[in-house]
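A.B. asks:
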Amino acid sequence: MQKNTPLNLLGGLSPAEFMKRHWQKKPLLIRQAIPGMKPLIDRTSLLEMLESEEVESRQIVRNGEKWTLKKGPLKRKSLPSLKRPDWTVLVQGVDLHNDAVHALLQQFRFVPDARLDDLMISFATDGGGVGPHFDSYDVFLLQAHGQRKWRIGRQKKFELQEGVPLKILKDFKPEAEYLLNPGDMLYLPPGYAHDGIAVGECMTYSIGFKAPRSAQLASELLMGLSEEMSEENSDRSGSSLDVIYQDPKQTAAVRDAAIPAALQKFALQAVTKALKNPQILNCLLGEALTEPKPNVWFDPPHPDDLGQWAWPCTVHLDRRTKMLFDPKHIFVNGESFRASGRDAKLLQKLANEKALSAKESSFLSAPAVELMQAWWEEGWWHSKP
Ligand code: SIN
Ligand code: CO
0 MQKNTPLNLL GGLSPAEFMK RHWQKKPLLI RQAIPGMKPL IDRTSLLEML ESEEVESRQI
60 VRNGEKWTLK KGPLKRKSLP SLKRPDWTVL VQGVDLHNDA VHALLQQFRF VPDARLDDLM
120 ISFATDGGGV GPHFDSYDVF LLQAHGQRKW RIGRQKKFEL QEGVPLKILK DFKPEAEYLL
180 NPGDMLYLPP GYAHDGIAVG ECMTYSIGFK APRSAQLASE LLMGLSEEMS EENSDRSGSS
240 LDVIYQDPKQ TAAVRDAAIP AALQKFALQA VTKALKNPQI LNCLLGEALT EPKPNVWFDP
300 PHPDDLGQWA WPCTVHLDRR TKMLFDPKHI FVNGESFRAS GRDAKLLQKL ANEKALSAKE
360 SSFLSAPAVE LMQAWWEEGW WHSKP
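Under numbering that gives the first Met the number 0, read the sequence shown as residues 0 to 384, first letter to last.
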C-alpha cells in the first residue's frame, strides 16, 4: 500500500492526506468508496452466525421510546419477524470468521495494525438502529446493502439517557444528515455523535479501531511487571529484579512505629527499577496488543497430520493470528520472541505481508524454523491460503 497514492476508498485522498486531514479530527463522507459494493455475507449466513458461541453479537429492538438489548448467542428463531420494523442485530469481529471480510479489513491497513480492531456487521429492518450515541474510537461506516440515513453532530454534551440498556445520548443535536447507498462510506473520529437509521432493510459494515486506555494499559503492564519481577533471573532483563530489603545500618528502635525512610526509598526503587527497563515494557506491550480476544480459538492441524511437517514451505498467517513487531522483538498471539538479523527481517515481512514464499522461508535459521513449527502446531499459520 502506497502512502501517497490516491485511493477510491478514501474518496480520492491518499492515505497520507486522509491521516493528516481527517484521522482523529473530522468526518469524511465518501460516495462510492467501493463501487458496485455487494454484501460479502448474505442475510441468512449472517443471522446464522448469531447462534455461534464463538461470535460476539447483540440484538437491539426499539418499541417507541423503549429499547431492549439481548446479548448473543441468539437463536435464529428467537429473532423478531423480518417484517417487523425497528430492530437490528450486530455481529462483532466477522473478519475472524470469513476470508472475504478479512480481506476487506486489510484495505484499511493504512492505519497501523496495532490500532485496527475488527469489522462488525449490522443487519437492520426498516427504522432499525442503535440510537444516537458516540463511540470512543474512530470508525468507518460502510454501507453494504440497502440504505441508511446517518445524522451526525459534534456534540458538546455527552450526557446519556437513564434507564435504557444502551448508551443513548440524552440531547442529540445533529448538524448534518446523509443517506448512504451501497458502497458509500462515512468516517467518524472518536466522540462524534451519530445515529444511523435503516431506510428499508439494510446492512452496514463498521471498520473499528482500538486504542488503549492509560489506566487499563498501566494495570495490565504493571501486572506483567510484577510477574516478571518475581521470576528469578528474569531472562528479559538478564538480572533478577527481585531483591530483598536489607538494613545493616538500621539503628536501634524504641517502640518505633514509623516506617523507616530507607524502606520507603526501597519501595520507590523497586517500582522505578522495573519501569526503567524499556525492553520489559515493550515486550509486555507487544504481548498485550497481540493477545487474542477471549472468544478466539485456533484450529491446530489434526494429530494424524502432525507427521506431515515439511520445511521450507509457503506460510500464510491464519486470519485470527495477530502479529506485530518492534525493532528487537516479534509478537504473536500474546507471546514475544527476540529476533535479529535475517530472521528478524523475514519475520517482520511475515507480519507485514501475512505471508512468506517457500523461498523466503528457506532462509530462516534453525531456531526460527523450530518456532515456526511450534506456531504451525498451534494453528497460527497454514501452508495453503
Ligand atoms: C450500526 O451499524 O447500526 C451501528 C454502527 C455504529 O453506530 O457505530
Ligand atoms: Co457508533
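Every residue, glycine too, gets a C-beta built ideally from N, C-alpha and C. Here the structure is a predicted model, which is why all the values come from computation and not from measurement.
Name, in chain order, the residues that DSSP records as bridge partners for glutamate 334.
C.D. replies: The partner list for glutamate 334 (beta bridge, DSSP) reads Val331.
A.B. asks: Is the segment 310 to 325 close to the segment 343 to 359, with three or more CB pairs under 8 Å?
C.D. replies: Enough Cβ pairs lie closer than 8 Å, so yes.
A.B. asks: Bridge partners of serine 121, per DSSP?
C.D. replies: Beta-bridge pairing links serine 121 to Leu89 and Thr203.
A.B. asks: Output needed for tyrosine 177: all residues of its chain with C-beta closer than 6 Å, excluding positions within five of it in sequence on either side, in chain order.
C.D. replies: So the qualifying residues of the chain are Leu28 and Trp149.
A.B. asks: Lysine 279 lies in the alpha helix (DSSP H); which residues open and close that run?
C.D. replies: Looking at the sequence shown, residue 279 is not lysine but isoleucine. Note, isoleucine 279: alpha helix (DSSP H), 277 to 289.
A.B. asks: Can you tell me whether methionine 0 is buried or exposed, with buried defined as 16 or more other CB within 10 angstroms of its CB?
C.D. replies: It is exposed - the Cβ of methionine 0 has fewer than 16 other Cβ atoms within 10 Å.
A.B. asks: Take the Cβ of asparagine 232 as the centre, count every other Cβ of all protein chains shown within 10 Å, and call the residue buried at 16 or more, exposed below.
C.D. replies: Note that asparagine 232 has pLDDT 47, beneath the 50 cutoff, so the model's placement of it is unreliable and no number is given.
A.B. asks: Grab me the residues of tyrosine 136's own chain with a C-beta within less than 8 Å of its C-beta, minus the 5 sequence neighbours each way, in chain order.
C.D. replies: Excluding positions up to five away in sequence, the list reads Asp116, Pro189, Gly207, Phe208, Lys209 and Ala210.
A.B. asks: The ligand SIN and alanine 32: does the residue's C-beta get closer than 7 Å to at least one heavy atom of that ligand?
C.D. replies: Checking the Cβ of alanine 32 against the ligand SIN gives no.
A.B. asks: What does the alpha-carbon distance come out to for the pair threonine 43 and methionine 36?
C.D. replies: Cα to Cα, the separation comes out at about 18 Å.
A.B. asks: Near glycine 333, what residues of its chain come up, given a Cβ to Cβ distance below 6 Å and the 5 sequence neighbours on each side ignored?
C.D. replies: Correct list, in chain order: Glu286, Thr289 and Glu290.
A.B. asks: At the level of alpha carbons, what is the spacing between tryptophan 374 and alanine 99?
C.D. replies: Tryptophan 374 and alanine 99: Cα-Cα distance of roughly 24 Å.
A.B. asks: Go ahead and label histidine 301 buried or exposed: buried means 16 or more other beta carbons lie within 10 angstroms of its beta carbon, across all protein chains shown.
C.D. replies: Result: exposed.
A.B. asks: If you reduce the DSSP assignment to three classes, tell me which class histidine 101 lands in.
C.D. replies: It is helical.
A.B. asks: Among the residues of its own chain, which have a CB less than 7 Å from the CB of glutamine 91, if the five just before and after it don't count?
C.D. replies: These residues qualify, in order along the chain: Glu55, Ser56, Asp117 and Met119.
A.B. asks: The ligand SIN and aspartate 134: does the residue's C-beta get closer than 7 Å to at least one heavy atom of that ligand?
C.D. replies: Yes - the ligand SIN has a heavy atom lying nearer than 7 Å to the Cβ of aspartate 134.
A.B. asks: Alpha carbon to alpha carbon, how far is threonine 4 from leucine 12?
C.D. replies: Using only the alpha carbons, I get a separation of about 8 Å.
A.B. asks: How about serine 121 and methionine 202: are their beta carbons less than 8 Å apart?
C.D. replies: Yes; because the gap between Cβ atoms is below 8 Å, this pair is in contact.
A.B. asks: Using DSSP with H/G/I as helix, E/B as strand and the rest coil, what is asparagine 232?
C.D. replies: Note that asparagine 232 scores 47 on pLDDT, short of 50, meaning its location in the model is unreliable and no value can be drawn from it.
A.B. asks: Using the rule of at least 16 other Cβ atoms within 10 Å of the residue's Cβ for burial, across every protein chain shown, is threonine 271 buried or exposed?
C.D. replies: Classification of threonine 271: exposed, given that the 10 Å Cβ count is below 16.
A.B. asks: Excluding the 5 residues preceding and the 5 following glycine 10 in the sequence, name in chain order all residues of the same chain whose CB lies nearer than 6 Å to its CB.
C.D. replies: Cβ neighbours of glycine 10 beyond the five flanking positions: Ile29.
A.B. asks: For valine 60 and tryptophan 22, which I take to be in contact (beta-carbon distance under 8 Å), what is that distance rounded to the nearest angstrom?
C.D. replies: Going by Cβ atoms, the distance from valine 60 to tryptophan 22 rounds to 34 Å, so no, they are not a contact pair.
A.B. asks: Taking the alpha-carbon positions, what's the glutamine 372 to tryptophan 308 distance?
C.D. replies: Spanning the two alpha carbons is a distance of roughly 8 Å.
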